[in-house]
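Here's the structure, in structure tokens; my notes come after.
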Amino acid sequence: MPKWLSRQRLFLLLKKNVWLLFPLISIVQFFFTFGEFKYEHIPVERVNDYLYKHVNPNLKLVNTKAECKYDDILHHTQLTQVREMKKMLNFTPKGIMNGSFAPEECNPAMSVAILVTYRNRQSQLDVFIPYIHTFLRKQNIHYKIYVIEQQDDKPWNKGLLYNIGAKQAIAEKFPCLILHDVDLLPLDHSNLYVCLNQPRHMSASIDKFRFVLIYNTLVGGVLAITSEHYKLLNGFSNRFLGWGGEDDDFASRISANKLDILRFPQHMARYTMLRHQQEPENSARYAIMLDGRRRAASDGLGSVAFASVGVRPQRLYTLITVRV
Ligand code: BGC
């Protein structure tokens with residue numbers, strides 16, 4: 003230590019300027035995460051080349067109607083304002099049955115099952131459901147919303163809920179699955195809710211994380227994946243209990259199967275997160291992840307029979323109840 007800077011002097015200097023630490027930490031943090039604002043993505047002009055154009059064979063298409071178009075939606079970058087959000091909640095369920103909707107003016111080129119895992123967050127569901135219907139009805143797609151509710155008091159098992167929802171949606175012949183947190187609302191109209199020919203992480207830019215992609219292999223929040231790929235990966239692990247880890251484990255299944263994680267540009271992938279109390283964190287998640295590769299074949303979509311399941315169609319969504 004230089005002579006002019008004695009230990010006592012250093013201590014006094016730090017004590018006097020402690021307030022400086024906070025802006026300093028923010029600046030360091032800002033530069034540390036800055037690059038992730040510019041994460042790798044598909045340019046909007048190329049999205050058409052990646053679209054997974056498959057409709058549910060159960061949907062009746064009408065010969066006299068033209069195929070729906072998607073270019074205008076992809077280029078319609080318009081951020082939802084708070085005032086508009088309130089309007090979106092005040093909606094009428096016209097055209098919706100069992101949580102399902104298809105446009106009338108044209109034949110949709112894509113069908114999507116939206117799987118929403120849920121427990122004990124009624125106030126969020128009350129916002130999410132009208133909001134997402136209003137958002138999706140403008141997208142020229144055929145979609146159906148499933149809410150998969152864990153109805154017991156056992157630790158939260160999100161992977162299991164997704165597997166059960168996926169099983170049902172696949173049995174109903176949906177070619178594309180969108181796995182959706184109930185607390186995330188898409189903000190930009192151009193964020194088309196469809197699958198691409200590789201898995202797509204849709205919620206790359208969330209206000210809670212200052213609109214930054216926090217790490218490159220993140221697939222949590224909202225993820226679109228074809229039913230074929232979901233089956234190939236054997237879905238999610240059923241072993242992650244509590245908050246966290248199941249999505250990271252799923253990301254390693256994606257890479258083990260040599261699939262990519264695609265994303266839309268940052269401005270299209272913006273979401274707002276509704277406030278909530280998080281499920282208790284799963285501190286064992288890193289340890290469980292370690293043997294992911296060995297587990298993948300035996301722990302997933304094919305091994306959910308231990309849970310008891312009920313399917314109850316309602317007007318705005320199909321409710322799937324799960325008890326472990
Ligand atoms: C958890 C993930 C979560 C991510 C972002 C990670 O530590 O393991 O499950 O999606 O943080 O919140």
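Just so you know, the sequence shown maps onto residues 3 to 326 in our numbering.
No residue lacks a Cβ here, since even glycine has one placed at the ideal position from N, Cα and C.
Everything numeric in this text was worked out from a predicted model, so none of it was measured.
Inset, instruction - Under the assumption that residue 303 contacts residue 236 (Cβ atoms under 8 Å), give the Cβ distance between them as a whole number of angstroms. - result: 5 Å
Legend entry - Whether residue 191 touches residue 278 by CB criterion (8 Å): no
Inset, instruction - Apply the 10 Å Cβ neighbour rule to residue 29 and answer buried if 16 or more other Cβ atoms are within range, or exposed otherwise. - result: exposed
Legend entry - residue 6 versus residue 12: straight-line alpha-carbon distance, rounded: 10 Å
Inset, instruction - Please classify residue 82: does DSSP put it in a helix, a strand, or coil? - result: coil
Inset, instruction - Please confirm whether any heavy atom of the ligand BGC lies closer than 7 Å to the CB of residue 216. - result: yes
Inset, instruction - Identify every run of the beta strand (DSSP E) within the stretch 211-239, keeping only runs that are complete inside it and at least 3 residues long; order them along the chain. - result: 224-228
Legend entry - Residue interval of the alpha helix (DSSP H) (run including residue 126): 124-138
Inset, instruction - May I ask you to check if the CB of residue 277 is nearer than 7 Å to at least one heavy atom of the ligand ATP? - result: For the ligand ATP, the structure offers nothing, since it holds only the ligand BGC.
Legend entry - Residue from 268, 212, 251, 175 with nearest C-alpha to residue 228: 175
Inset, instruction - Look at the alpha carbon of residue 1 and the alpha carbon of residue 21, and state the distance between them as a whole number of angstroms. - result: The displayed coordinates of the chain run from 3 to 326. Any statement about residue 1 would go beyond what the structure contains.
Inset, instruction - Would you check whether the ligand BGC has a heavy atom nearer than 7 Å to the C-beta of residue 183? - result: no
Inset, instruction - Please list, in chain order, all residues of the same chain as residue 110 whose beta carbon is under 7 Å from its beta carbon, the five residues on each side excluded. - result: 57, 70, 104, 142, 143, 144
Inset, instruction - Assign residue 270 to buried or exposed, taking buried as 16 or more other Cβ atoms, counted over all protein chains shown, within 10 Å of its Cβ. - result: buried
Legend entry - Reference residue 180, options 209, 159, 150, closest by Cα: 150
Inset, instruction - Rank 232, 72, 203, 166 by C-alpha distance to the C-alpha of residue 320 and give the top, closest one. - result: 166
Legend entry - Residue from 96, 170, 172 with nearest C-alpha to residue 132: 96
Legend entry - residue 24 classed as buried or exposed, judged by whether at least 16 other C-beta atoms fall within 10 angstroms: exposed
Inset, instruction - Go ahead and pull the three-state DSSP assignment for residue 90. - result: helix
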